[in-house]
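Protein chains: 2
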Amino acid sequence: MEPMTTARTQAPRWLSDEEQRTWQAYLHATTLLEDHLDRQLQRDAGMPHIYYGLLVQLSEAPRRRLRMTELAMNAKITRSRLSHAIARLEKNGWVRREDCPSDKRGQLACLTDEGYEVLTRTAPGHVSAVRQALFDRLSPEQQKSLGEIMRIVAEGLQPKEAGADLPWLR
Amino acid sequence: MEPMTTARTQAPRWLSDEEQRTWQAYLHATTLLEDHLDRQLQRDAGMPHIYYGLLVQLSEAPRRRLRMTELAMNAKITRSRLSHAIARLEKNGWVRREDCPSDKRGQLACLTDEGYEVLTRTAPGHVSAVRQALFDRLSPEQQKSLGEIMRIVAEGLQPKEAGADLPWLR
DNA sequence: TGGTATAGCTTGAGACTTCAAGTAATCCAG
DNA sequence: CTGGATTACTTGAAGTCTCAAGCTATACCA
Chain A
1 MEPMTTARTQ APRWLSDEEQ RTWQAYLHAT TLLEDHLDRQ LQRDAGMPHI YYGLLVQLSE
61 APRRRLRMTE LAMNAKITRS RLSHAIARLE KNGWVRREDC PSDKRGQLAC LTDEGYEVLT
121 RTAPGHVSAV RQALFDRLSP EQQKSLGEIM RIVAEGLQPK EAGADLPWLR
Chain B
1 MEPMTTARTQ APRWLSDEEQ RTWQAYLHAT TLLEDHLDRQ LQRDAGMPHI YYGLLVQLSE
61 APRRRLRMTE LAMNAKITRS RLSHAIARLE KNGWVRREDC PSDKRGQLAC LTDEGYEVLT
121 RTAPGHVSAV RQALFDRLSP EQQKSLGEIM RIVAEGLQPK EAGADLPWLR
């Protein structure tokens, strides 16, 4: 008897009506929200949401700098994508690359003063956009629940520590 | 006294620690999940997740066809994006364009038999991927809560019916 | 009826992402 | 201490998305 975990060859267990509605709502909400924030930041900060997130990560790191791989991991993106992104941010003068002293293969992404300035200038508007779109609409219980759910999902998609291959390293 | 709704000029109300953790978890979970499903479908069906969603919408429509604008609305994307997407799907032979009989400006996107075949062939694997990544990890209460939360968020970002401009019409 | 505004959709350019392949430095088994 | 595997990161091409501009057809109104 086949294990139930590989549904590939089994009769598929379709989504129930309620599951379908939940899944649809999830897709709608996430695409609308991402779109909304992308537009907001493109307009107010001149970069898409994910680039903004990179600057935030850097701003919170010691000495405002991070190894490329570490930054990619934090942001849950591939190193390739990060390379392109940092190249663009470097052109804007918001990030600078530095050689890593301890590993000659390594690169550090460093937030520049201008990059920091962009962040301080645009952060209030962005926080407010996130509040308006998300937190202000949810009860405290819903916020708590959302946090738990999202942690579970993220955890599940995170590559297992031992030996599994790491998506952002591909 | 300024209304609290325009926080633009006010001292920003930052996110609390818990809100920040929730927001981070949300960003991580949604990017990891989108990535995961994009890869799964690119591998198994030869198209990104959103394109797959378009085929699904068409498959559920009467006569397996939909006006472009309506399809764009259902999928929460701009008409421009849809135009490009349909062009690509047409090249694959999975969708065909037809002139709308009642409105000479209009176009209908029609799912072809091959398009339908791709769907039936790949749907089980996709459903299973969604289950594994999402539903199987959540309790019934969490699933219910997720549905409610996502409906609220989507609702809030949906353009109001009267006079507001419609994002997907831009 | 005629003229202007609007709706429906497409197009092209530039920005962003992905994937596979490439370079260079480090690790490590023997 | 040496050569093959691995790690760190980059690159280029092809695919996708956005934005502004464009075209045609319909709607509206005087």
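Heads up: the protein sequence lines correspond to chains A and B, in order. Counting from 1, one number per residue, gives the positions in the first sequence under the UniProt record's numbering. Counting from 1, one number per residue, gives the positions in the second sequence under the UniProt record's numbering. The beta carbon of each residue, even a glycine, is placed where N, CA and C say it ideally should be.
Beta-carbon proximity of residue i to residue j, cut-off 9 angstroms
i, j, result
"Arg131(A)", "Gly106(A)", "no"
"Met47(B)", "Ala25(A)", "no"
"Val95(A)", "Leu111(A)", "yes"
"Arg79(B)", "Ala72(B)", "yes"
"Ile152(A)", "Leu82(B)", "no"
Which listed residue (the options) has its alpha carbon closest to that of residue i
i, options, result
"Thr122(B)", "Ala85(B), Leu134(B), Gly53(B), Phe135(B)", "Gly53(B)"
"Pro140(A)", "Glu18(B), Leu82(B), Glu70(B)", "Glu18(B)"
"Gln143(A)", "Gln20(B), Trp14(B), Arg13(B), Pro12(B)", "Gln20(B)"
"Glu90(A)", "Asp136(A), Glu114(A), Gln42(A), Ala11(A)", "Glu114(A)"
"Ala133(B)", "Trp23(A), His126(A), Ala11(A)", "Trp23(A)"
"His36(A)", "Ile77(B), Lys104(B), Glu148(B)", "Ile77(B)"
"Arg43(A)", "Glu148(A), Leu157(A), His126(A), Arg81(A)", "His126(A)"
"Trp14(A)", "Leu157(B), Val153(B), Asp136(B)", "Asp136(B)"
"Glu117(A)", "Leu146(A), Asn92(A), Glu98(A)", "Asn92(A)"
"Leu32(B)", "Ala75(A), Arg63(A), Ala85(A), Leu41(A)", "Ala75(A)"
"His84(A)", "Gln158(A), Ala109(A), Ser145(A)", "Ala109(A)"
"Ser16(A)", "Gln158(B), Gly147(B), Pro62(B)", "Gly147(B)"
"Arg63(A)", "Glu98(A), Leu41(A), Lys104(A)", "Glu98(A)"
"Leu41(A)", "Glu60(A), Lys104(A), Pro124(A), Ala61(A)", "Pro124(A)"
Where residue i sits in the DSSP three-state scheme
i, result
"Arg105(B)", "coil"
"Leu15(A)", "coil"
"Leu66(B)", "strand"
"Leu37(A)", "helix"
"Leu119(A)", "helix"
"Leu71(A)", "helix"
"Leu111(A)", "strand"
"Glu155(A)", "helix"
"Met4(A)", "For Met4(A), the pLDDT reaches just 44, beneath the cut-off of 50, and the residue's location in the model is therefore unreliable, leaving the point undetermined."
"Met150(B)", "helix"
"Ala164(A)", "With a pLDDT of only 45 at Ala164(A), under 50, the local geometry of the prediction cannot be trusted, and the value read off the model is given with reservation. Residue state, collapsed to three classes: coil."
"Leu169(B)", "Low confidence applies to Leu169(B): its pLDDT is 49, below 50, so where it sits in the model is not reliable, and the reading given next is rough at best. Leu169(B): helix per DSSP, three-state reduction."
For residue j and residue i, believed in contact at Cβ under 8 angstroms, the rounded distance
i, j, result
"His49(A)", "Asp38(A)", "5 angstroms"
"Leu12(A)", "Ser128(B)", "Note that residue 12(A) is Pro in the sequence shown here, rather than Leu. Contact holds; Cβ gap of about 6 angstroms."
"Arg65(A)", "Leu58(A)", "7 angstroms"
"Thr30(B)", "Thr30(A)", "5 angstroms"
Output, in sequence order along the chain, the residues in the region 133 to 146 of chain B whose CB is closer than 7 angstroms to any CB in chain A.
Ala133, Leu134, Phe135, Arg137, Leu138, Gln142, Gln143, Ser145, Leu146
Exercise for the section: Output, in sequence order along the chain, the residues in the region 12 to 37 of chain B whose CB is closer than 8 angstroms to any CB in chain A. Expected result: Per Cβ criterion, the list reads Pro12, Arg13, Trp14, Leu15, Glu18, Glu19, Arg21, Thr22, Trp23, Ala25, Tyr26, Leu27, His28, Ala29, Thr30, Thr31, Leu32, Leu33, Glu34, Asp35, His36.
Tell me which residues of the region 116 to 128 of chain A have at least one Cβ-Cβ distance to chain B shorter than 8 angstroms, keeping chain order. The region 116 to 128 of chain A vs chain B, Cβ under 8 angstroms: Ala123, Pro124, Gly125, Val127, Ser128.
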